[in-house]
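Protein chains in written order, with the working numbering: chain A, 10 to 130; chain B, 42 to 283.
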């Protein structure tokens, strides 16, 4: 049977914009946290001598800064790459809608072509 | 067959972007070359510098004076780490830009193909030529934005690599860097060299995100063009056969 209907919308077409939005949210969160970390690093290293940094005792704000500077990047980088991965999955899903569209186009052209030739004569 | 209408020429900067679009294979190769250069620098300069610096005991490394092999190696490895990652990401960015341009070229050819089919239809049955989708300009702008951010990151990396980074590390670690006093220039420089990567690395990813978004938008242009052209053909079929 000949198919002369426009292509149906696929689930991938609905999901890929959401993944792009998730990608942006994760990347922007990591950028903002990166700015905050940069400010902490600048203060920790740029405003304290090595002696005071090394001599920080338990409960000292300097030790808290050091903890932030060493702990945060361990989860922040995977979060950033999760954002990048979201973009990539979005792109892959967008690509995955194209074969069906091309297939539909082929079917529609197959039906229309004889009419085009006839009307063009 | 009726005459095919040409699209109006876009204004700046879109005419420049569209003029560059067919050059995408060359841009992709340039991007790949930049990443290759980064690998080459890693092999020939960064690795030997790391090797030279860690070739002796901690005490010897930290007491070496400015101008010595150890201090020079320390300067080299930090200078390279300031600009090479930005250079590498700029190369990756050019690769992503080439993909966007390739998709843009496909979208343009699809539009032309649609016009060719419409030109073969009888005038009373032919659909009007749709305007150029707004998303075309959006993906072009997103591409430019992404590449500009990566270029800005590279320039910042070069500025750091030629300024504060060598200035700071060209000192004896034990007697000058480790004894820097509060409000001294050295401690202020340490603040800069220890913090720039915390915001510059995420900034690079923001640049890459603009390029990924441009690819997604270019794909939506292709998808919508295919859907719209199929819809027009169905309309033509219904009118012609009905």
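Even glycine gets a Cβ: it sits at the ideal position worked out from N, Cα and C.
Query, Result
"Three-state secondary structure assigned by DSSP to residue 128(A)", "helix"
"C-alpha distance - residue 211(B) paired with residue 103(B), whole-angstrom precision", "12 Å"
"Chain B contact for residue 119(A) (CB, 8 Å cutoff)", "no"
"Contact list for the segment 209 to 232 of chain B against chain A, Cβ threshold 7 Å", "219, 221, 222, 223, 228, 229, 231, 232"
"Beta-carbon proximity check, residue 90(B) vs residue 117(B), cutoff 8 Å", "yes"
"Contact belief for residue 16(A) with residue 268(B) at Cβ below 8 Å, rounded distance in angstroms", "6 Å"
"For residue 252(B) and residue 80(B), believed in contact at Cβ under 8 Å, the rounded distance", "21 Å between Cβ atoms; not a contact."
"CA-to-CA distance, residue 58(A) to residue 146(B), given in whole angstroms", "57 Å"
"Nearest-angstrom Cβ-Cβ length linking residue 25(A) and residue 99(A), presumed shorter than 8 Å", "4 Å"
"Three-way DSSP call (helix, strand, coil) for residue 46(B) in this model", "coil"
"Short CB-CB distance (under 8 Å) between residue 65(B) and chain A", "no"
"Beta-carbon proximity of residue 52(A) to residue 96(A), cut-off 8 Å", "no"
"Inter-stretch contact (C-beta, 8 Å, three-pair minimum) for the segment 107 to 121 of chain B and the segment 170 to 185 of chain B", "no"
"Runs of alpha helix (DSSP H) lying entirely within the segment 42 to 93 of chain A, each at least 4 residues, in chain order", "59 to 63"
"Any chain B beta carbon closer than 8 Å to residue 10(A)", "Note that residue 10(A) scores a pLDDT of 48, beneath 50, so its modelled location is shaky; the value from the coordinates is reported in the next line. It does not: the Cβ of residue 10(A) has no partner Cβ on chain B nearer than 8 Å."
"Status (buried if at least 16 other CB within 10 Å, exposed otherwise) for residue 30(A)", "exposed"
"Own chain partners of residue 114(A) with C-beta closer than 7 Å, once the 5 adjacent residues on each side are dropped", "none"
"Beta carbon of residue 275(B) nearer than 8 Å to that of residue 22(A)", "no"
"Three-state secondary structure assigned by DSSP to residue 222(B)", "coil"
"Inter-residue spacing [alpha-carbon to alpha-carbon] between residue 46(B) and residue 54(B)", "23 Å"
"Interface positions of the segment 50 to 84 of chain B facing chain A (Cβ-Cβ less than 9 Å), listed along the chain", "none"
"Pick from 166(B), 155(B), 188(B) that is closest to residue 172(B), judged by C-alpha positions", "155(B)"
"Residues within the segment 134 to 162 of chain B neighbouring chain A, beta-carbon criterion of under 7 Å", "161, 162"
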